[in-house]
Structure formats: C-alpha cells, structure tokens
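Quick note: the sequence shown, position 43, residue 83 per our numbering, numbers continuous.
Just below is one structure, and these are the notes that go with it.
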Amino acid sequence: MHDDGQIISKRLYPSPNPFIELTEITYLSGGVKVKGMLAEPKEAGSYEGLIYMRGGIQHIGMARPARIAQFASQGFVVFAPYYRGNRGGEGRDEFAGADLQDAVSAVDVLKQSPKWKEGRVHLFSFSRGGIMALWTAILRDDITSTVHWAGVSDVVFTYKEREDMRRMMKRVIGGSPNSAPDAYRERTALFRVEEIDAPVLIIHGMKDENVSFEQAIMLEDALRKHQKTTETWYFQDYTHHFPSWHNAKIVRDLTNWMRAQP
C-alpha cells in the first residue's frame with residue numbers, strides 16, 4: 041500500500057537519557073495503525089539510522105525506552121516498531137505474518153526524521169526480532185547492514201524448541217507445523233537469504249535455551265552457501281541474556297561494526 045510508513049500522530053515520551061529525545065509514533069502499515077518509538081540524539085547533526093526489532097510477542101519482550109535510548113546514544117536515529125496489536129496499535133501480532141509489514145514500513149518512518157543521515161539504515165534485532173529483520177533485509181534493497189543477536193531464523197525450530205510457546209504459536213499462526221505447514225514455511229526466511237544484500241553480523245550465546253545456538257548456525261550456513269558477507273560473534277558461556285557489563289560493550293562494538301560497513 042502506498043501509504044505504508046505514513047505518520048499519523050506523534051507524542052513526546054519521557055526519556056531516561058537527557059541527551060536523547062523519545063517520541064511515540066503512530067504510523068500506517070498494511071492498512072492498520074501501528075505504534076513505535078523513535079529515539080533521536082538532541083545534539084544537531086545527521087545520524088545513521090537503526091531499526092530496533094524487538095523480541096517476544098505482545099507485552100513480553102517489549103522494547104524498553106532505556107534500551108532504545110542506549111542505541112541512540114551511540115550516535116544513531118533509532119526507530120523501534122512495537123508491531124501491530126501492541127500498546128494500543130490496531131491489528132494482531134502474528135509472529136512474522138502480516139506484522140512483517142510493520143517492520144518493513146518502519147524503515148520509511150525512520151527516513152522521515154530530519155536527523156537521519158541519508159543512505160544509511162541498519163537493522164538490529166534480538167530474539168523474535170531476528171525473523172522480522174531477516175524479512176526486512178530480504179524485502180528491501182536499502183539496508184546498509186543487519187545484526188542478529190540471539191535471533192530466531194526458523195519458526196518451525198522455535199515451535200519445536202519452546203514448549204512454553206506452542207499454544208501461543210498455534211493460536212497466532214493458525215496451527216502447528218504439522219497442521220499448518222504452509223503458514224510456517226511462509227515465515228521461514230532461510231529459503232530466501234540469497235535475496236539479502238546487506239552484510240550480516242550474527243551474535244549468539246552458545247548456551248542459549250530460548251533460541252538455540254543451532255538457529256545461529258543454520259543462518260550462518262545459509263548465508264555462507266550463497267556467498268553473503270557474514271560475521272559471527274559466538275560466546276561459549278552465555279545464554280539468551282548476557283551479563284549487563286558485557287551487553288553494553290557489545291552494543292558499542294556492534295554499532296561500530298555497523299558504521300564500518302560500506
């Protein structure tokens with residue numbers, strides 16, 4: 041739809057960081073009104089863009105204002121879509137179904153910031169956000185780089201790994217991988233990674249029980265098979281959540297990596 045990414049309304053949001061301005065934005069995506077958070081450095085200048093693809097579903101894993109501001113304070117204009125059906129947005133979160141459009145349209149929202157440095161849009165994703173970022177990199181040709189931290193790359197794998205998520209996935213996707221194979225196949229980006237042009241950085245803890253390390257290996261293998269520019273930072277002793285001191289250092293490292301991409 042031609043009005044995807046059109047901004048309907050904005051409201052200032054209390055910022056945990058005095059140097060970063062936060063704005064909650066309502067935008068159009070696939071005919072529904074979706075919300076997201078924009079974070080811009082207050083200092084004048086033009087900044088590279090970063091789409092922050094949150095994990096989880098509904099209120100679980102919702103992007104925290106402090107986390108979004110943390111990325112912006114590295115010198116980026118950051119937009120974090122909440123995905124449809126969340127925080128008063130219309131429609132229904134479908135775990136990488138029609139809500140993929142919300143991630144794709146988020147790039148158009150980001151580009152409307154007067155502080156955005158033209159030509160530079162990076163994707164950062166965590167956990168469930170991984171599948172959203174993969175599809176965004178497949179469906180758009182204006183992505184500079186993409187980072188997958190503990191990211192989901194195969195929805196069928198997630199169904200098998202996470203017994204605690206099966207009921208939700210059946211409800212949202214319309215069945216199990218056995219009863220609704222097409223719905224799962226449509227969500228699996230691994231079949232189309234040859235369409236990704238952006239360099240990909242994969243970060244994963246090898247002891248992750250929420251999103252198995254195997255999902256990182258599958259993504260890496262698929263990208264390498266198609267000769268895609270891929271880098272991996274694997275951490276032997278870490279689970280899904282890294283210690284906060286190391287988490288902050290990796291945020292600095294990965295944003296430097298993004299800036300270094302051509």
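Even glycine gets a Cβ: it sits at the ideal position worked out from N, Cα and C.
Only a predicted model underlies this, so the values are computations on that prediction, with no experimental measurement involved.
Under DSSP, Lys-75 takes part in a beta bridge, and its partners are Thr-66.
When the alpha-carbon of Leu-78 is set against those of Gly-70, Met-172, Leu-140, Asp-148, the nearest one is in Asp-148.
Secondary structure at Pro-221: helix, using DSSP grouped into helix, strand and coil. Uninterrupted beta strand (DSSP E) stretches at least 3 residues long and entirely within the region 227-285 occur at 240-245, 270-275, given in chain order.
Apart from sequence neighbours up to five positions away, the residues of its chain that approach Met-172 with a beta-carbon distance below 7 Å are Met-93, Ala-136, Leu-140, Ala-143, Ser-165, ordered along the chain.
The beta-carbon distance between Asp-222 and Lys-247, rounded to whole angstroms, is 33 Å. This is too long to meet the 8 Å contact definition. In this structure the region 222-235 does not touch the region 285-300; the number of beta carbon pairs closer than 8 Å is below three. Taking C-beta atoms as the reference points, Leu-150 and Val-187 fail to come closer than 9 Å.
Per the coordinates, the alpha-carbon of Pro-217 lies some 9 Å from the alpha-carbon of Lys-210. Ile-183 and Ala-190 do not touch by the CB rule: their CB atoms are close to 20 Å apart, not below 8 Å. In this structure, Ser-145 places its C-beta atom within 9 Å of the C-beta atom of Leu-68. In terms of Cβ geometry, Ile-243 and Phe-275 form a close pair [threshold 9 Å].
For Arg-160, the secondary structure class from DSSP, reduced to helix, strand or coil, is strand. The beta-carbon separation of Glu-80 and Ala-120, rounded to 12 Å, does not stay under the 8 Å limit for a contact. The beta carbon of Lys-157 sits closer than 6 Å to those of Ser-86, Tyr-87, Glu-88, all from its chain and outside the five residues before and after it, given in chain order.
DSSP places Pro-81 within a strand segment (E or B) once states are collapsed to three.
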